[in-house]
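Peer 1: Take a look at the following structure, please.
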Amino acid sequence: MLKKLSFLEEYQEKIKSGDIKGAYETIKKAEASSPTPDELLLIGSIYLQMGLNQDAERALTRADEEGVKNYALYVNLGVCYNRLGRFDEAVETLYKALEMRDDIIGIYINLTTALKYAGKTQEALDLLDKAIAKFPDEGEVYNTRGFLFEYLGWYEEASRDYKRATELNPNNAIYWINLGNSNIHLDNLEDAKICFNKATELDPENPLAYNNLSYYYMRIRDYDTALEMVNLALNKDPQYFQAYLNRGVILTYLKRYEDALKDFEKAIELRPNNPAGYFNTGRILDILGRTDKALEVLKEGAELGNEQCSELIKIIESRK
Numbered sequence: 013m014l015k016k017l018s019f020l021e022e023y024q025e026k027i028k029s030g031d032i033k034g035a036y037e038t039i040k041k042a043e044a045s046s047p048t049p050d051e052l053l054l055i056g057s058i059y060l061q062m063g064l065n066q067d068a069e070r071a072l073t074r075a076d077e078e079g080v081k082n083y084a085l086y087v088n089l090g091v092c093y094n095r096l097g098r099f100d101e102a103v104e105t106l107y108k109a110l111e112m113r114d115d116i117i118g119i120y121i122n123l124t125t126a127l128k129y130a131g132k133t134q135e136a137l138d139l140l141d142k143a144i145a146k147f148p149d150e151g152e153v154y155n156t157r158g159f160l161f162e163y164l165g166w167y168e169e170a171s172r173d174y175k176r177a178t179e180l181n182p183n184n185a186i187y188w189i190n191l192g193n194s195n196i197h198l199d200n201l202e203d204a205k206i207c208f209n210k211a212t213e214l215d216p217e218n219p220l221a222y223n224n225l226s227y228y229y230m231r232i233r234d235y236d237t238a239l240e241m242v243n244l245a246l247n248k249d250p251q252y253f254q255a256y257l258n259r260g261v262i263l264t265y266l267k268r269y270e271d272a273l274k275d276f277e278k279a280i281e282l283r284p285n286n287p288a289g290y291f292n293t294g295r296i297l298d299i300l301g302r303t304d305k306a307l308e309v310l311k312e313g314a315e316l317g318n319e320q321c322s323e324l325i326k327i328i329e330s331r332k
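Count along the sequence shown starting at 1, add 12, and that's the number in the working numbering.
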């Protein structure tokens with residue numbers, strides 16, 4: 013017990029002081045010093061909180077192998093598998109947690125994520141129906157089902173669930189943002205604007221609401237206001253990938269091509285494995301007449317499997 017408190021207290025002190033590297037080294041040292049199975053569970057949970065998913069998997073798997081058999085282990089291990097993209101393993105593990113504790117909403121939520129990405133969407137919907145029957149007054153369950161409906165392209169159903177979530181918890185900005193997104197899909201643009209504005213009132217530091225407001229203003233072709241909104245989003249989060257894409261699109265509409273190019277290049281820098289940055293960068297380079305460079309960038313996007321990049325390459329090459 014003293015040993016656990018010792019490394020945990022040291023970790024907490026380093027976190028408080030902003031010494032993230034030192035905090036990591038403390039946990040790494042604890043893992044290497046013959047921890048008990050319960051300590052391994054704690055170490056794995058801390059790794060997970062730090063976003064160190066492979067380290068978390070290693071520690072949590074050891075805890076499992078050394079005899080820890082409780083719902084917390086399986087929840088943490090299931091979340092870890094979800095983050096690592098190993099969704100079938102996440103499903104199996106989270107069902108173990110659910111068998112032990114069917115009264116914890118978070119297990120249903122994480123299991124839904126695993127089922128969705130494992131391609132078992134009907135099973136996920138059935139699970140959420142059970143969750144709603146068990147927790148009829150919990151907005152998060154409706155929000156999760158709305159998100160699944162949106163993933164399936166069922167926007168009317170998504171909108172109904174998001175609306176119910178806002179009724180149950182009207183002070184949750186994310187629920188209002190999600191309701192606004194579903195209204196955008198349904199072309200209920202003014203309702204979407206109301207939702208996004210509500211989100212900014214509830215959480216003025218949330219960049220997502222401002223970014224989505226910029227999309228609303230793009231839809232009504234008010235590009236100057238759209239630019240103001242996306243700038244607010246980037247002021248809140250200078251590393252916001254989607255906001256750079258959106259601002260690049262807005263600047264393209266405003267014919268500020270060089271500025272748009274900078275934003276799309278920043279998007280590539282932030283997410284080099286996301287083809288959207290390559291497509292938009294290539295498109296702007298083509299507009300600017302830099303076709304050789306455009307083709308070079310588009311080929312990188314095509315290598316990521318993006319059909320838009322491949323199609324634009326064909327169009328540019330056909331003009332030569």
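From the three backbone atoms N, C-alpha and C, an ideal C-beta is built for every residue, glycine too.
Using a Cβ-Cβ cutoff of less than 8 Å, which residues in the same chain neighbour Lys26 once the five nearest sequence positions on both sides are dropped?
Peer 2: Excluding sequence neighbours, Lys26 sits near Ile32, Gly34, Ala35 and Thr38.
Peer 1: Can you tell me whether Gln134 is buried or exposed? The criterion is at least 16 other CB atoms within 10 Å of its CB, across all chains shown.
Peer 2: Classification of Gln134: exposed, given that the 10 Å Cβ count is below 16.
Peer 1: Decide if Gln24 is buried, meaning its Cβ has at least 16 other Cβ atoms within 10 Å, or exposed.
Peer 2: Classification for Gln24: exposed.
Peer 1: Please report how far the alpha carbon of Arg283 lies from the alpha carbon of Arg233, in whole angstroms.
Peer 2: Distance between the alpha carbons of Arg283 and Arg233 is about 28 Å.
Peer 1: In terms of alpha-carbon separation, which member of Lys205, Tyr269 and Pro250 lies closest to Ala238?
Peer 2: Minimum Cα distance to Ala238 is reached at Lys205.
Peer 1: Which runs of the alpha helix (DSSP H) at least 4 residues long sit entirely within the region 105–148? Give them in chain order.
Peer 2: List check, alpha helix (DSSP H) in window: 117–129 and 133–146.
Peer 1: Taking Asn285 as the reference, which of Lys311, Asp203, Lys267 and Val261 has the closest Cα?
Peer 2: Minimum Cα distance to Asn285 is reached at Lys311.
Peer 1: Could you tell me the alpha carbon to alpha carbon distance between Thr156 and Phe253, rounded to whole angstroms?
Peer 2: Cα-Cα distance, rounded: 23 Å.
Peer 1: If you compare alpha carbons, which of Gly63, Leu64 and Leu54 is closest to Tyr86?
Peer 2: Minimum Cα distance to Tyr86 is reached at Leu54.
Peer 1: Using the beta-carbon count (16 or more within 10 Å), is Gly131 buried or exposed?
Peer 2: Result: exposed.
Peer 1: Given a threshold of 16 other Cβ atoms within 10 Å of its Cβ, counted over all protein chains shown, does Arg176 qualify as buried or as exposed?
Peer 2: The residue in question, Arg176, is buried, as its Cβ has 16 or more Cβ neighbours within 10 Å.
Peer 1: Starting from Thr38, trace the alpha helix (DSSP H) both ways and give me its first and last residue.
Peer 2: Taken as a continuous stretch (DSSP letters only), the alpha helix (DSSP H) holding Thr38 covers Ile32 to Glu43.
Peer 1: Taking the alpha-carbon positions, what's the Leu52 to Gly90 distance?
Peer 2: Leu52 and Gly90: Cα-Cα distance of roughly 16 Å.
Peer 1: Can you round the beta-carbon distance between Cys92 and Asn122 to whole angstroms, since I take them to be within the 8 Å contact cut?
Peer 2: Contact doesn't hold; Cβ gap of about 10 Å is too wide.
Peer 1: Identify, in the order they occur along the chain, each residue of the same chain with its Cβ nearer than 8 Å to the Cβ of Leu41, setting aside the five sequence neighbours on each side.
Peer 2: A quick correction: the sequence has Lys, not Leu, at residue 41. Only Phe19 meet the Cβ criterion.
Peer 1: Who are the near neighbours of Leu225 in its chain, counting only those whose CB is closer than 6 Å to its CB and skipping five residues on each side?
Peer 2: Within the same chain, Leu225 has close Cβ partners Phe208 and Met241.
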